Amino acid sequence: MNQYESKIVYDVKGLNLWYGNDQALKDINIQINKNEVTAIIGPSGCGKSTFIKTLNRMIENVPNVRTSGEILYHGLNIFDKTMRVEELRTRVGMVFQKPNPFPKSIYENVLYGPKIHGVKDKQMLEEILETSLKSAALWDEVKDRLHDNAYGLSGGQQQRLCIARALAVQPDVILMDEPTSALDPIATAKIEELIDSLKADYSISIVTHSMQQAGRISDKTAFFLMGELVEFGNTEMIFSNPRDKRTEDYITGRFG
Amino acid sequence: MDNQITPQNQIRNQIRNHIGRKKNNSDRLMPRFFLIMASVSIITTVGIVLTLITDAFHFFKEVSIFEFFSTKLAPLGANPSFGILPLINGTVLSSLIAMMVAIPIGLTSAMYLSEFSSPKTRSFIKPILEVLAGIPTIVYGFFAYSFVTPILMKLIPTLEAKNVLSPGIVMGIMIIPMVASLSEDAMKSVPNALREGAYGLGSTKLEVTTKVVLPAAMSGIMSSFVLAISRAIGETMIVAIASGSSKNFTFDITHSMQTMTGYIVEFTSGDAGSGTTGYYSLYAVGLMLFIFTFIMNLIAQYISKRFREEY
Amino acid sequence: MDIRSEILNDKGINPMKSNNPTQVKVEINRQRINRRVLINEILKKVFFASTLFALAVLSVLLYRIIAQSIGWLDWHFLTSKLSIFPEKAGIYGVIIGSVGLMVVVIPVTLILGVSTAIYLEEYASKSRFQNLIKVNISNLASVPSVIFGLLGLALFGRFLNLGSSILAGGLTLSLLVLPIVVVSSQEALKAVPNFLREASYAMGAGKWTTIRKVVLPVAIPGILTGAILSISRAIGETAPLVVLGIPALLLKVPTSLMDDFTALPIQIYYWTLDTVLTPEYANLAAATIVVLLITLFLMNSIAIVIRNKTQKTY
């Protein structure tokens, strides 16, 4: 057993990131553990979205982005030349702010990932479809209309479909970028419930603008402010007894 | 108080009088003027349809519909015959060749410009496509006849000096910018969120393009193809110069063939005396051509309306 | 096996989630990913090559035409009249013919096109008539140009008895490019922000006053850009003029709008057709093409300059 088989999934060491000349992340050091929900909070523009998009290198789709430092994923630097970004993103799923199903059937949406990975066996695909939709708590609602266009689903259902789509390639981590910001409270509650149940099998990092949400669903909380990681620790500790004055100001609603 | 003459009152009265006058003139007359001007476009369409139909009507008084849809075309012979099928054949074959050039190259260019290229390359390539699109078709015709045909004759020894292959290819090149820019517009309007979703699942750029962007933009792409076909059917000068005026009914693209447009141009620049059957045949052929392109445009509009994706 | 050694292991077969038997396994096959990335790279280059095809054609086309025109395009060529002898032939009368066409096309399309656009954008309510005009214009834009020739032949040539005069040709071309001017003028009018109109109305100005004093001055650069582009389309248009029955060899230089004429693209057409018998006609055609392309290039440059100079931000 080596050290990386321990609980740490992501080990971020001295991460800096610039958009052109503007530094968006400053010397971030953080660890994300297996089977835990890590919430990332902070006011808009604090770099929380940038940070989570760096974890699967989605940020590289933005022109003129530079990074320095290391992000170790199971001990391997994701910026290393030998790391295929396609493989990284297969192992690390992502759910976005607004539900973004493809304009295809529910079936095609969920099986997009397995298909590009060359799964052709029909029975296996059906199995993946069912387990993914079940894990995303969507199976019962859509099992009779799997071949309907995904755009016929409600916003909350679409977001759960996107979660199912991410689960279908069985990632190890799921990154969520404000997954409930476009949803109503009932749909939000369902997603939060789902996140709680997914914790058993996945590590989850979730960016959220709602401190209540962070408090409800996360084990660890990281507070970002102006590109800096101000405080990181157990959610209970952060919310009940923050060490940093700025964290306290933020969670008590003095700004942001 | 009202009839006191103060400077303010004077100005106020002046403005009131002014408004009164203006109402009577420009604001009432101008809309009518503009309406009349705007009607010209409708009159033009009506004029096109009317001339085509009335003169085609004269034609069909003398030539039976069966003769019209036959393969024998000899308008100037001692015993003239007016079968349109050789012309339709030439039109369809040259358009098919053009599409075989324009669709693959146009679509791949659109994919490259929309999904793969850096902004710098794009800003370099786009103006070139615009220049290509702005070159008059007569120039392409000259190019086909004096450059492409001689090259093709070296490759295919049996190729005639006038043939369908060379103008078909050049017509395809001419249409590339149209397919590329319309398809690129369709692909660019696919929201980025869909691309991100696909990247997030570990797709390569190619997979994002072919499996997510292309299907989502399909309606726009298909309608660009149909519009391109319509453009090829109506294209005149390239085929008039390079594909000659043979009126034989053949499927051999190394031979000279005449298109509907080519027939119209050849016949009018000869001596088509007004009132002869030959003169009226121009309008019968023109009517067919109009119907062909009109149907294509209806199809294109239907595709882009019916299958419009809502994101 | 842990994920780290799995990633490091080049075979990269992934028996994931052994702790969760309900899940079906998707293998992450390293070789397969490498292959996908490779295909991506190869096709990217193929697509790029295909895009460059347009550039290649453009260069070959320009090179060929310029090469063929060298030695023929000189001052004599520009200032002499047509002749059946290639060495003597010049395109002075042809240029005059093209200029004459523009004398007709420019005012007619501007008045018709801009008025139609103003009606559609500023006056028309969402009525069926307005919709009819809109649909009609988009359909008119896709009618083959040769059919406009047939219309011109029947309407201007025979019915109004204008024959194949400059006026008949110019009016035919005006109708042909009308949709382009209408659409581009509409775009220019649409780009005028509404608050400018509202400000004018709020001061009690009438509709026409507002259009004339506020909307048009802002929209004119855009309208001009579109107009120049459509006029350059008219300069290069051949088919409708051929249908009108322009004479193949016209030795007289036109002096009025009612005279017969020939224009640059027409002359290119006739010379190209006759290259079999007189090969030098190809050089004359190439030289005329160069003149035509330079004209178009200058016009487009003017349009681009106007567009760039007047890009406003509100």
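Protein chains in written order, with the working numbering: chain A, 1 to 256; chain B, 1 to 311; chain C, 1 to 314. Ideal Cβ placement from N, Cα and C applies to all residues, glycine included. All of these numbers come straight from a predicted model, not from anything done at the bench.
- Residue-level contact by beta carbon fails for residue 183 of chain A and chain B, as no gap is shorter than 9 Å.
- Annotation for residue 268 of chain C: 238, 285, 288, 289 and 292 place their beta carbon closer than 8 Å to its own, counting only its chain and skipping 5 residues before and after.
- Counting only the Cα atoms, residue 238 of chain B lies some 6 Å from residue 140 of chain B.
- Contact with chain A is found for residue 216 of chain B, since one of that chain's Cβ atoms lies less than 9 Å from the residue's Cβ.
- If you draw a 10 Å sphere on the C-beta of residue 109 of chain B, you find 16 or more other C-beta atoms in it, and that means buried.
- The Cβ atoms of residue 104 of chain B and residue 133 of chain B do not sit closer than 9 Å to each other.
- Of the candidates A/147, A/191, A/38 and A/171, the residue whose Cα lies closest to the Cα of residue 106 of chain A is A/147.
- Under DSSP, the beta-bridge partners assigned to residue 72 of chain A are A/11 and A/77.
- Sequence-distant Cβ neighbours of residue 217 of chain B in its own chain, meaning closer than 6 Å and more than five residues away, are 186, 187 and 190.
- Residue contact check for residue 250 of chain B against chain A: no CB pair falls below 9 Å.
- Under a criterion of Cβ atoms nearer than 9 Å, the residues of chain B adjacent to residue 116 of chain A are, in order, 198, 201, 202, 203, 204, 207 and 211.
- Contact note: residue 86 of chain A reaches chain C through 33, 36 and 37, using a C-beta cutoff of 8 Å and chain order.
- Counting C-beta atoms within 10 angstroms of its own C-beta, residue 75 of chain C has fewer than 16 neighbours from the protein chains shown and is therefore classed as exposed.
- Along the stretch 101–121 of chain C, going in chain order, the ones with a CB nearer than 8 Å to a CB of chain B are 111, 112, 115, 116, 118, 119 and 120.
- As summarised for the stretch 118–193 of chain A, the continuous beta strand (DSSP E) elements at least 3 residues long and confined to that stretch are 173–177, given in chain order.
- Taking a contact as a CB-CB distance under 8 Å, the pair residue 41 of chain A and residue 180 of chain A does not count as one, their CB atoms being some 14 Å apart.
- DSSP places residue 161 of chain B in the coil class of the three-state scheme, outside both helix and strand.
- Separation of the CB atoms of residue 241 of chain C and residue 263 of chain C is rounded to 6 Å, and the pair is thereby assigned contact status at 8 Å.
- The residues 257, 258, 259, 260 and 261, in chain order, have a CB closer than 8 Å to that of residue 165 of chain C in the same chain once the five nearest residues on each side in sequence are set aside.
- Put simply, the backbone Cα of residue 229 of chain B is about 35 Å away from that of residue 91 of chain C.
- Distance from the CA atom of residue 51 of chain C to the CA atom of residue 184 of chain B, rounded to whole angstroms, is 12 Å.
- The closest CA to that of residue 247 of chain B, considering only B/157, B/84, B/254 and B/135, is found on B/84.
- Counting along the chain, residue 200 of chain A sits inside no beta strand (DSSP E), nor does DSSP assign it H or E at all.
- At a cut-off of 9 Å between beta-carbon atoms, residue 100 of chain B makes no contact with chain C.
- Close to residue 194 of chain B, with beta-carbon spacing below 7 Å, are these residues of chain A in chain order: 100 and 102.
- For the stretch 149–183 of chain C, residues whose beta-carbon sits nearer than 8 Å to a beta-carbon of chain B comprise 149, 150, 151, 153, 154, 155, 158, 175, 178, 179 and 182.
- Judged by beta-carbon spacing, residue 149 of chain C lies within the 9 Å limit of residue 264 of chain B, meaning their Cβ atoms are closer than that value.
- Within the same chain, Cβ atoms closer than 7 Å to the Cβ of residue 215 of chain A are found at 235 and 239, the five residues on either side in sequence being excluded.
- Rounded to whole angstroms, the separation of the alpha carbons of residue 215 of chain C and residue 38 of chain B is 19 Å.
- Interface with chain B (9 Å Cβ-Cβ cutoff): residue 190 of chain C is excluded.
- In this chain, the beta strand (DSSP E) harbouring residue 93 of chain A covers 92–95.
- The stretch 49–66 of chain A makes no contact with the stretch 163–173 of chain B, as fewer than three CB pairs between them are under 8 Å.
- Rounded to whole angstroms, the gap between the alpha carbons of residue 108 of chain A and residue 117 of chain A is 14 Å.
- One thing to note: residue 244 of chain B has its Cβ no nearer than 9 Å to the Cβ of residue 260 of chain B.
- Nearest neighbour of residue 101 of chain A by Cα position, chosen from A/47, A/114 and A/161, turns out to be A/161.
- Distance between residue 164 of chain B and residue 90 of chain B, taken at the CA atoms: about 7 Å.
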